[in-house]
Amino acid sequence: MRVFVTGATGFVGSAVIQELLSAGHQVVGLARTDAAARALTAAGAQAHRGDLYDPASLRAGAAASDGVVHTAFNHDFLDRDFARFKENCETERHAIEALGSALAGSDRPLIVTSGIGVLPSGRTVTEEDGSPTGPNASPRVATEEAASSQAARGVRVSVLRLPPSVHGDGDHGFVPILIGIARQKGASVYIGDGGNVWPAVHRLDAARLYRLALEQGAAEARYHAVAEEGVPFRYIAEVIGRRLNLPVVSKTREEAAEHFGRFAHFAAIDNKASSERTRKATGWQPMQTGLIADVDRARYFEA
Ligand SMILES: NC(=O)c1ccc[n+]([C@@H]2O[C@H](COP(=O)([O-])OP(=O)(O)OC[C@H]3O[C@@H](n4cnc5c(N)ncnc54)[C@H](OP(=O)(O)O)[C@@H]3O)[C@@H](O)[C@H]2O)c1
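For the sequence shown, the working numbering assigns the number -10 to the initial residue and increments by one for each residue that follows.
As structure tokens, then:
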């Protein structure tokens, strides 16, 4: 297949393109800079110049493909204390609309990337769960709302949900943020008994699921790239504390809000997630290291 991959230079997308290339697919990656185009060519893919803010470039990339994997997302809000998060989620909605418009009425699959973290806390969530609606829903539900709209107009679209920790070499997601906060504050903190859980997946396992879902024509509405259903947050705090030689401390929700700042919401995620349906439908079996063993390596703590 000739696959158009957005976010092809990112942490997840770069693993997806390697997975696709290794399986014999032709890969065209979205590149918004010369450096990204060079990186894609060096990786064995082709570069398609464009930007999430340029719908015509997304439509052209999708139109010239047999299928699309969308992993691009503007994460600049992480460096801006979450300012512009909502705006970036709306850009994501428009990007999915643009990709879908080039595929409507065809069998060519579109796989978009969402997060388990948008789903309700406190119970096991499955692929049957739609994304929440209403004023308390995360702005990130824009991804799944856009996917539903595209399905309604005849696009063969699936949502692939990633856990709050996709881990592995090059991780610059939530675990590195926790490590940074622990360094800055001199303590590795969990909330209450630290029993709230984060599901997790290794980026290479996630990449394999994107490929399987694509090759099977985005046959399921939702896929869960969940290797571990729920890792207690306290275990993550403990490995960070031990590696940084810092105290591991329990705090109340109020104290944690002060400690974690805008990240407190993520530290409190309690999202046990199943991938049973995904595994049955695709034959996907995670094979890589689990979250705690992966994080418990010097590499995660290089300054
Ligand atoms: N990593 C995780 O732990 C995790 C967990 C849950 C969900 N997710 C979701 O998974 C997806 C992939 O995440 P990731 O960790 O791979 O992100 P990432 O490493 O930050 O990569 C983001 C990708 O999007 C591209 N991008 C950003 N703004 C763009 C723009 N305006 N136009 C075109 N491309 C743009 C980047 O291109 P440049 O190389 O040019 O910057 C990069 O290729 C995202 O939807 C993310 O929210 C990730």
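Don't be surprised by glycine CBs; every beta carbon is placed ideally from N, CA and C. In this text, all values refer to a predicted model and were calculated from it rather than measured experimentally.
Per-residue burial, residue i [other beta carbons within 10 Å of its own, 16 or more giving buried]
i       : result
Glu81   : buried
Tyr42   : exposed
Glu247  : exposed
Phe71   : exposed
Gln139  : buried
Thr60   : buried
Asn234  : exposed
Pro109  : exposed
Pro150  : Reading off the sequence shown, one finds Arg at residue 150, where the question assumed Pro. Classification for Arg150: buried.
Asn260  : buried
His37   : buried
Asn185  : buried
His14   : buried
Arg200  : buried
His64   : exposed
Thr(-2) : buried
Arg27   : exposed
Arg142  : exposed
Residue i CB to nearest heavy atom of ligand 1 below 7 Å
i       : result
Tyr42   : yes
Ser154  : yes
Thr296  : The first residue shown for the chain is -10 and the last is 292, placing residue 296 beyond what the model contains.
Asn260  : no
Leu19   : yes
Asn63   : yes
Leu108  : no
Thr267  : no
Thr(-5) : yes
Thr(-2) : yes
Leu198  : no
Ala22   : The sequence shown places Thr at residue 22, not Ala. True, at least one ligand heavy atom lies under 7 Å from that Cβ.
Val215  : no
Ala25   : yes
Leu151  : yes
Three-state secondary structure assigned by DSSP to residue i
i       : result
Ala141  : helix
Phe(-7) : strand
Arg73   : coil
Ala45   : helix
Leu108  : coil
Ile100  : strand
Gln35   : strand
Ala20   : strand
Lys174  : helix
Lys269  : helix
Gly56   : strand
Gln205  : coil
Pro221  : strand
His14   : coil
Ser239  : strand
Arg256  : Sequence check: residue 256 is Ala here, not Arg. Three-state DSSP puts Ala256 in a helix.
Ser95   : coil
Val215  : coil
Near ligand 2: residue i beta-carbon under 7 Å from a heavy atom
i      : result
Thr132 : This structure lacks ligand 2; the ligands present are ligand 1.
Pair every Cβ in the region 157 to 171 with every Cβ in the region 205 to 218, then say whether three or more of these pairs are closer than 8 Å.
Touching, no.
Please confirm if the region 218 to 227 is in contact with the region 174 to 181, defined as three or more CB-CB distances below 8 Å between the two stretches. They touch, by the three-pair rule.
| Segment contact, 8 Å Cβ cut-off, at least three pairs: the region 251 to 271 with the region 105 to 123 | With the cut-off at 8 Å, the region 251 to 271 and the region 105 to 123 touch.
| query | Taking contact to mean at least 3 C-beta pairs separated by less than 8 Å, is the region 118 to 126 in contact with the region 72 to 91? | reply | Contact between the region 118 to 126 and the region 72 to 91 is absent: fewer than 3 CB-CB pairs across the two stretches fall below 8 Å.
### Task
Please determine if the region 91 to 98 and the region 189 to 208 are in contact, where contact requires at least 3 C-beta pairs separated by less than 8 Å.
Verdict: yes, contact present.
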